[in-house]
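Participant: Numbering-wise, the numbering used here comes out as the position in the sequence shown, counting from 1, plus 26. The structure's right below; bear with me while I get my questions together.
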Amino acid sequence: MRGRRIEATLGVSMRRPRVRIRRGGAVAACAAVLLGVAGWAVLPPGAPAARPAEAAAVFPALQGPLNVSADEVAVDNAGTALTARGHVRLTYAAGVATANFLRLRRADRTAELTGNVTITDPKGRATGDDITVVFTAGNQISRIAMDGGAGAETQDYALQADHILADRAVGRLTANGHVTLFTAPDLIVNGDKAVYNQGAHYGIVSGHVSASNRAGRMLGQWVEFFQRKQQAVVHGPVTAEVYGATITGAVAHLDFVKSSAVFTGHVLVTRRQGTLTADRVTILYAVRRLIAEGTTHAHFTDLEGGGAP
27 MRGRRIEATL
37 GVSMRRPRVR
47 IRRGGAVAAC
57 AAVLLGVAGW
67 AVLPPGAPAA
77 RPAEAAAVFP
87 ALQGPLNVSA
97 DEVAVDNAGT
107 ALTARGHVRL
117 TYAAGVATAN
127 FLRLRRADRT
137 AELTGNVTIT
147 DPKGRATGDD
157 ITVVFTAGNQ
167 ISRIAMDGGA
177 GAETQDYALQ
187 ADHILADRAV
197 GRLTANGHVT
207 LFTAPDLIVN
217 GDKAVYNQGA
227 HYGIVSGHVS
237 ASNRAGRMLG
247 QWVEFFQRKQ
257 QAVVHGPVTA
267 EVYGATITGA
277 VAHLDFVKSS
287 AVFTGHVLVT
297 RRQGTLTADR
307 VTILYAVRRL
317 IAEGTTHAHF
327 TDLEGGGAP
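See the structure below:
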């Protein structure tokens, strides 16, 4: 097929591809492959070009085109699976996916992509070494399973982990292993597991949690964050490092709009100048101020220190 411009695989034009249809061991080159309701339809060499209405492939043919282009495409003997290799580009109803390798399975309505995978559409961006996509009847994405350097990005947050499962049907995202969550305005949360409800704009990160922003860093057991309110709650025991002080407590409430943190539950503040215990301690980051409330006790060991709280 060298030197010829071959009509696109699944109705998409591409440069010097090899299209193979395996049937009984024979390899046949063809100009285009269409995925129809009854199976895979093949246009043999020399056949007239398909009309524009027929050139778009559907997976399966219900509504909304799903097209594939690659360096090499092959269909199995049963006509139930398609594989594509090299510079793979998959376009569906609302977006595009690129990868080194692709396997489409008609019965399962799945696309398995491997190698430098990127999926982009109006709902966000997904990346990973291996991604499996489940499509709806209209060739919209229903679920995305990302493995190996997985990443998910939306307008509200960016998430990285070893494994991420995005269930768009229910608006739920789950991540496991070396989780890093970036959320507005400047919060970075690390942990072992994350769950995010997109409808409620509410998420939880658990397991060896570390939450940090430009003002300081907190360690806890788990953290919940409220995207719309721009608030977060770190559940402890909590340990925070703020302006040279170490603060421990049971719970810390963060308000990013007010630039404040409120610690409750046997709060202990330790600095070079001494220690302070209180029922409640509020940190006002903008003015670098500490306010202790409730039963309070202070013990000073160095009155020459001065400086920020």
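Cβ atoms here follow ideal geometry from the backbone N, Cα and C, with glycine treated the same way. Keep in mind it's a predicted model, so treat the numbers as computed, not measured.
Within its chain, find whatever has a CB closer than 6 Å to the CB of G121; leave out the 5 residues flanking it on each side and keep chain order.
Facilitator: By one-based count along the sequence shown, residue 121 stands at place 95. Taken in chain order, the residues that qualify are T146 and D147.
Participant: What do you reckon, are the CB atoms on F289 and Q257 nearer than 9 Å?
Facilitator: Counting from one through the sequence shown, the residue named residue 289 turns up at place 263. Counting from one through the sequence shown, the residue named residue 257 turns up at place 231. No. Outside cutoff.
Participant: Would the beta-carbon of V215 fall within 9 Å of that of A237?
Facilitator: Position 189 of the sequence shown, counting from 1, holds the residue named residue 215. Position 211 of the sequence shown, counting from 1, holds the residue named residue 237. Cβ atoms of V215 and A237: closer than 9 Å.
Participant: Using three-state DSSP, classify N216 as helix, strand or coil.
Facilitator: Within the sequence shown, the letter at position 190 stands for residue 216. Of the three classes helix, strand and coil, the one that applies to N216 here is strand, per DSSP.
Participant: Can at least three beta-carbon pairs, one atom from the region 265 to 276 and one from the region 290 to 307, be found at a separation below 8 Å?
Facilitator: A contact exists between the region 265 to 276 and the region 290 to 307.
Participant: Going by other Cβ atoms of all chains shown within 10 Å of its Cβ, with 16 needed for buried, is N7 buried or exposed?
Facilitator: Absent from the structure is residue 7, since the part of the chain shown begins at 27 and ends at 335.
Participant: Measuring only the C-alpha atoms, how far is T200 from A210?
Facilitator: Stepping through the sequence shown from its first residue, residue 200 is reached at position 174. Stepping through the sequence shown from its first residue, residue 210 is reached at position 184. Rounded to the nearest angstrom, the two C-alpha atoms are 19 Å apart.
Participant: Could you say which of L213, A152 and T321 lies nearest to F252 if we only look at CA atoms?
Facilitator: Here residue 252 is taken as the residue at index 226 of the sequence shown, counted from 1. Comparing Cα-Cα distances from F252 to each of L213, A152 and T321, the minimum goes to L213.
Participant: Where do the N-terminal and C-terminal ends of the beta strand (DSSP E) with P263 fall, by residue?
Facilitator: Position 237 of the sequence shown, counted from the start, is the residue given in the question as residue 263. First-last of the beta strand (DSSP E) with P263: Q257 to V268.
Participant: Under a three-way DSSP split, which group does S232 fall into?
Facilitator: Here residue 232 refers to the residue found at position 206 of the sequence shown. Of the three classes helix, strand and coil, the one that applies to S232 here is strand, per DSSP.
Participant: From the DSSP output, in three-state form, read off E319 for me.
Facilitator: Locating residue 319 in the sequence shown gives position 293, where the first residue counts as 1. The answer is strand: DSSP assigns E319 an E or B state.
Participant: Can you tell me whether DSSP reads A73 as helix, strand or coil?
Facilitator: Against the sequence shown, residue 73 aligns to sequence position 47. With a pLDDT of 36 at A73, under the threshold of 50, the modelled position of this residue cannot be trusted; read the value that follows with caution. Of the three classes helix, strand and coil, the one that applies to A73 here is coil, per DSSP.
Participant: Just the Cα atoms here: how many angstroms apart are R151 and K255?
Facilitator: What you label residue 151 is simply residue 125 of the sequence shown in a count that begins at 1. What you label residue 255 is simply residue 229 of the sequence shown in a count that begins at 1. Going from the Cα of R151 to the Cα of K255 covers about 24 Å.
Participant: When DSSP builds the beta bridges, which residues end up paired with A192?
Facilitator: Working through the sequence shown from its first residue, we reach residue 192 at position 166. A192 pairs with I170 and L199.
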